[in-house]
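**Student:** Here the protein sequences line up with chains X and R, keeping their order.
Taking the numbering used here, I'd label the letters of the first sequence as residues 1 to 336.
Taking the numbering used here, I'd label the letters of the second sequence as residues 1001 to 1245.
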Amino acid sequence: MTTHLASPPTTGIQLSGLTKSFRSPDGPVHAVRGIDISIAPGETVALLGPNGAGKTTTIDMMLGLLPPDSGTVTLFGMTPPQAIATGAVGAMLQSGAVLRDLSVRELVDMMGSLYPKPLAVDETLELCGISDIAARKTHRLSGGQSQRVRFAVALVSNPDLLVLDEPTVAMDVEARRDFWATMRTFTSRGKTVVFATHYLEEADSYADRIILLAQGRVVADGPATEIKATVGMRTIRATLPDADIPALEALPGVTNVETRGEAVILNCSDSDGALRALLPAFTAARDIEVSGAGLEEAFLQLTSDDDTSDDDTGDDDTGDGPDVEAAALDDSEMTR
Amino acid sequence: MNATYVRYELLRLSRNKRFFFFSLGFPLVLYLVIAGSNKKQVLDMGSFSLKFPLYYMVGMASYGAMIAAIAGGARIAAERSTGWNRQLRLTPLRPSVYFGTKVFTSYLMALISIALLYVAGISYGVSIELARWFEMTGLILIGLAPFVALGVLAGHLLTVDSMGPALGGGSAFFGFLGGQWFPLPNHGFLHVLGECIPSYWLTQASHVGIGGNAWGITGWIVIGVWTAAASVLAAWAYRRDTQRV
């Protein structure tokens, strides 16, 4: 491969028709059932989904660590190994990856030395907020500290594509905020970032685009705000004695209505529209609250839509396994 | 070669005190104690006689070097268990450099083990012609090649938990069948089996120091075949070893 990526690449990341199954004592587990994703250079994309959605499996295939059963991956027009060989890829995987018997600075320096155009070690330590523990041995770090060191190891490579698998899992609130502040500095340099998370807030705040995965499929893909509207079903709660339920259900943007004593709860696909219509029509409504529904409920709603056509016979990408299979597949439990 | 990477590998090696102690200290202490308590003993080998410290030194040199070479695998297994190996694969580090560094550090450990035993032997009054020292050492280093490869293979195939028994069992198997523990009969099934095992030739290499002959064609073939087979298997194990451990 002679192409050397001095300037930001023009073609991005393509995942086409990816599928992957694992054997298990209870029959095959379809971790990924046909994923097509196209990411432009410079985008920051969140892979959002609950445990077992196929996020880690997808990332492993994207990085060439796991061969897909079918489908292809190209990174900047190259295969994953080719892209990795040019130093275009940096990654923070889910587990471990802190080598013993070195200090933090030595580890970061060693990793940087493997890449053609690494960041300076001091700059990396500074960015990751670990300058103060630079001399500490890597096996004497707290969980949050080693998470930052792992981030530094990924960042020092100064890659065109940075892949992060649940990067903030062991971090407290403050560390999480610092982490994303660092990420902003990094993405402002025109880098492509793909990160997996199961926090909607994180995906919403830091990604340009959210790809929602559930049971090994892409169930939604779009700008963060749009996905949040889809996923983030809102509810309007109001005190409204003797309410006319059918009239409330007929309001624009309302999907259904529940009552709790004197209160009504409107589940809305468009809470703004519903609220505009509610106020003039029901002037008695008071104590009005608008709130977002949790991500878990949203997932349940999105994924329950395509559960009706289950058949667990095929390994092909259209074959639907029973829900329990995907649900039982905790990311941490998947081996070969 | 990436000098920074190799330098840090060596630094890590030097900081792993327990690894140092058990792979280098064990044969050395064994030698100092056993040869030290039999310093004056002379072994009657039929047509010639041998001073015990010399006989035991060459035997321990080949056994200790073998253990040091195989033990490189334990380090690999430990690195894999933290997911480090997966991380390393996402860097532009070429597999040839990765393997080269592992082979280099294994050989370095073996060489230190041999040197320590030579020094201990000399302190017990062992003397060998200079040319024989070199011939013996050179042959031992060549004979280590299959064991270095077997170590890398085991490191990529086994987990940290299974590494202990595997190393113990492996070195006992090779130590016994190779005649490193005690001499094997000169004929019969055990002898024929021994000749097919690389540790037998490692023992023969060490016997150059006590007047034995260098390998004949059989020795070169056995060492060559084992090295090639173990290297191919090690490369295969490395390639398939991309998944979470």
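We treat Cβ as the ideally placed atom computed from N, Cα and C, and that holds for glycine.
Note that the structure is a prediction, hence the values are computed from the model and not measured.
Below 8 angstroms, how does it come out for the region 104-114 of chain X and the region 175-191 of chain X: are there three or more Cβ pairs, yes or no?
**Tutor:** No contact exists between the region 104-114 of chain X and the region 175-191 of chain X.
**Student:** So which residues on chain R does LEU48 of chain X lean against when the C-beta distance must stay under 9 angstroms?
**Tutor:** Residue numbering aside, residue 48 of chain X sits at position 48 when the first sequence is read from its first letter. Those do not exist, as LEU48 of chain X stays about 22 angstroms from chain R at its closest Cβ, beyond 9 angstroms.
**Student:** Would you say ILE84 of chain X faces chain R, with C-beta separation under 7 angstroms as the test?
**Tutor:** Stepping through the first sequence from its first residue, residue 84 of chain X is reached at position 84. Interface residue, yes.
**Student:** Span of the beta strand (DSSP E) holding MET92 of chain X?
**Tutor:** Sequence index remark: in the first sequence, residue 92 of chain X carries index 92 (1-based). Unbroken beta strand (DSSP E) run through MET92 of chain X: 89-92.
**Student:** Let me confirm a value: VAL32 of chain X is counted as buried when at least 16 other C-beta atoms fall within 10 Å, else exposed. Which label applies?
**Tutor:** Counting from one through the first sequence, the residue named residue 32 of chain X turns up at place 32. Buried: at least 16 other Cβ atoms inside 10 Å.
**Student:** Distance cutoff 7 angstroms, beta carbons only. Does GLY368 of chain X sit that close to anything in chain R?
**Tutor:** A question about residue 368 of chain X goes unanswered here, because the residues of chain X that appear run from 1 up to 336.
**Student:** Buried or exposed for ALA1131 of chain R, please, with buried defined as at least 16 other CB atoms from any protein chain shown within 10 angstroms of its CB.
**Tutor:** Your numbering for residue 1131 of chain R matches position 131 in the second sequence. The residue is exposed, with fewer than 16 neighbouring Cβ atoms inside 10 Å.
**Student:** I'd like to check one pair, THR1227 of chain R with PRO1095 of chain R: are the Cβ atoms closer than 7 angstroms?
**Tutor:** In the second sequence, counting from the first residue as 1, residue 1095 of chain R sits at position 95. In the second sequence, counting from the first residue as 1, residue 1227 of chain R sits at position 227. Not a contact, by the Cβ cut-off of 7 angstroms.
**Student:** Interface residues of chain R around ALA91 of chain X at Cβ under 8 angstroms?
**Tutor:** Translated into positions along the first sequence, residue 91 of chain X becomes position 91. The contacting residues are GLN1087 and LEU1090.
**Student:** How long is the line joining the alpha carbons of THR197 of chain X and LYS137 of chain X, rounded to whole angstroms?
**Tutor:** The residue given as residue 197 of chain X occupies position 197 in the first sequence. The residue given as residue 137 of chain X occupies position 137 in the first sequence. Those two C-alpha atoms are separated by around 29 angstroms.
**Student:** Whose C-beta lies closer than 7 angstroms to the C-beta of PRO1185 of chain R among residues of the same chain, with five residues either side of it excluded?
**Tutor:** The residue labelled residue 1185 of chain R in the question sits at position 185 within the second sequence. The answer, listed in chain order, is HIS1191.
**Student:** Check the Cβ of SER337 of chain X against every Cβ in chain R and list those closer than 7 angstroms, keeping chain order.
**Tutor:** The requested residue 337 of chain X is not part of the displayed model; chain X covers only 1 to 336.
**Student:** Rounded to whole angstroms, what's the CA-CA distance from VAL1160 of chain R to ALA1078 of chain R? Just pull it up for me.
**Tutor:** On the second sequence, position 160 is the one that residue 1160 of chain R refers to. On the second sequence, position 78 is the one that residue 1078 of chain R refers to. Cα-Cα distance, rounded: 6 angstroms.
**Student:** According to the neighbour-count rule (16 or more other Cβ atoms, all chains shown, within 10 Å of its Cβ), is ALA247 of chain X buried or exposed?
**Tutor:** Counted from its first residue, the first sequence places residue 247 of chain X at position 247. The residue in question, ALA247 of chain X, is exposed, as its Cβ has fewer than 16 Cβ neighbours within 10 Å.
**Student:** Which whole-angstrom value describes the C-beta separation of VAL156 of chain X and VAL89 of chain X, a residue pair presumed to lie in contact below a C-beta threshold of 8 angstroms?
**Tutor:** Working through the first sequence from its first residue, we reach residue 156 of chain X at position 156. Working through the first sequence from its first residue, we reach residue 89 of chain X at position 89. That pair is no contact at about 13 angstroms.
**Student:** Going by C-alpha distance, which of X:ILE39, X:VAL218 and X:LEU15 is nearest GLY49 of chain X?
**Tutor:** Position 49 of the first sequence, counted from the start, is the residue given in the question as residue 49 of chain X. Cα-wise, what sits closest to GLY49 of chain X is X:VAL218.
**Student:** Apart from the five residues on each side of it in sequence, which residues of its chain come closer than 6 angstroms, Cβ to Cβ, to GLY77 of chain X?
**Tutor:** In the first sequence, the residue the question calls residue 77 of chain X occupies position 77. Cβ neighbours of GLY77 of chain X beyond the five flanking positions: THR11.
**Student:** Of the residues that make up the region 54-73 of chain X, which ones have a beta carbon closer than 7 angstroms to any beta carbon in chain R?
**Tutor:** LEU63, LEU65 and LEU66
**Student:** MET130 of chain X lies in the beta strand (DSSP E); which residues open and close that run?
**Tutor:** As a first step, residue 130 of chain X is located in the first sequence; it is residue number 130 there, counting from the start. The sequence given here places Ile at residue 130 of chain X; Met does not occur at that position. Here ILE130 of chain X belongs to no beta strand (DSSP E), and DSSP marks it neither H nor E.
**Student:** In chain X, what lies closer than 8 angstroms to ASN1038 of chain R by C-beta?
**Tutor:** In the second sequence, the residue the question calls residue 1038 of chain R occupies position 38. Within 8 angstroms Cβ-Cβ: nothing; ASN1038 of chain R doesn't reach chain X, min ~38 angstroms.
**Student:** Please report whether the beta-carbon of ARG1012 of chain R lies at a distance below 7 angstroms from any beta-carbon of chain X.
**Tutor:** The residue given as residue 1012 of chain R occupies position 12 in the second sequence. Chain X, which has a Cβ nearer than 7 angstroms to the Cβ of ARG1012 of chain R, makes this yes.
**Student:** With a cut-off of 7 angstroms, does the C-beta of GLN1073 of chain R fall near any C-beta of chain X?
**Tutor:** Here the question's residue 1073 of chain R lines up with position 73 in the second sequence. According to the sequence as given, residue 1073 of chain R is Gly; it is not Gln. Chain X, which has no Cβ nearer than 7 angstroms to the Cβ of GLY1073 of chain R, makes this no.
**Student:** Consider the Cβ of MET78 of chain X: report whether some Cβ of chain R lies at a distance smaller than 7 angstroms.
**Tutor:** Taking the first sequence and counting its residues from 1, the one referred to as residue 78 of chain X is at position 78. Answer no: the Cβ-Cβ gap between MET78 of chain X and chain R never drops below 7 angstroms.
**Student:** For PHE1174 of chain R, count the other beta carbons within 10 Å of its own beta carbon; 16 or more makes it buried, fewer makes it exposed. Which is it?
**Tutor:** Position 174 of the second sequence, counted from the start, is the residue given in the question as residue 1174 of chain R. Under this definition PHE1174 of chain R is a buried residue.
**Student:** Please determine if the region 1068-1076 of chain R and the region 1142-1156 of chain R are in contact, where contact requires at least 3 C-beta pairs separated by less than 8 angstroms.
**Tutor:** yes
**Student:** Terminal residues of the continuous beta strand (DSSP E) containing PHE195 of chain X?
**Tutor:** Counted from its first residue, the first sequence places residue 195 of chain X at position 195. Taken as a continuous stretch (DSSP letters only), the beta strand (DSSP E) holding PHE195 of chain X covers 192-197.
**Student:** Determine which residues of the region 1185-1210 of chain R have a Cβ less than 9 angstroms from any Cβ of chain X, and write them out in chain order.
**Tutor:** Those residues of the region 1185-1210 of chain R that come within reach of chain X (Cβ to Cβ, closer than 9 angstroms) do not exist; the list is empty.
**Student:** Identify the residues that DSSP records as bridge partners of PRO223 of chain X: which are they?
**Tutor:** As a working mapping, residue 223 of chain X is identified with position 223 in the first sequence. BP columns for PRO223 of chain X point to X:ARG209.
**Student:** Measuring only the C-alpha atoms, how far is ALA1110 of chain R from ILE1140 of chain R?
**Tutor:** Numbered from its first residue, the second sequence carries residue 1110 of chain R at position 110. Numbered from its first residue, the second sequence carries residue 1140 of chain R at position 140. So the alpha carbons of these two residues sit roughly 10 angstroms apart.
**Student:** May I ask you to report which of helix, strand or coil DSSP gives ALA1078 of chain R?
**Tutor:** Within the second sequence, residue 1078 of chain R is the residue found at index 78, counting from 1. Secondary structure at ALA1078 of chain R: helix, using DSSP grouped into helix, strand and coil.
**Student:** Where does ILE1128 of chain R fall in DSSP's three states?
**Tutor:** Taking the first residue of the second sequence as 1, we reach residue 1128 of chain R at position 128. If DSSP states are grouped into helix, strand and coil, ILE1128 of chain R belongs with coil.
**Student:** Return no unless some Cβ of chain R is closer than 7 angstroms to the Cβ of SER95 of chain X.
**Tutor:** Here residue 95 of chain X refers to the residue found at position 95 when the first sequence is read from its first residue. Taking Cβ atoms only, chain R reaches closer than 7 angstroms to SER95 of chain X, which makes this a yes.
**Student:** I'd like to know whether the C-beta atoms of ALA1035 of chain R and TYR1056 of chain R end up nearer to each other than 7 angstroms.
**Tutor:** Locating residue 1035 of chain R in the second sequence gives position 35, counting from the first residue. Locating residue 1056 of chain R in the second sequence gives position 56, counting from the first residue. Contact flag set, yes.
**Student:** How long is the line joining the alpha carbons of GLY1025 of chain R and GLN1041 of chain R, rounded to whole angstroms?
**Tutor:** Within the second sequence, residue 1025 of chain R is the residue found at index 25, counting from 1. Within the second sequence, residue 1041 of chain R is the residue found at index 41, counting from 1. Approximately 24 angstroms, taken between the alpha carbons.
**Student:** Using 7 angstroms as the limit for Cβ to Cβ distance, is MET171 of chain X near chain R?
**Tutor:** Looking up residue 171 of chain X in the first sequence gives position 171. For MET171 of chain X, the answer is no, since every Cβ of chain R falls outside 7 angstroms of its Cβ.
**Student:** Between the Cα of SER131 of chain X and the Cα atoms of X:VAL149, X:ILE210 and X:PRO280, which residue gives the shortest distance?
**Tutor:** Residue 131 of chain X sits at position 131 when you count from the first residue of the first sequence. Answer by Cα proximity: X:VAL149.
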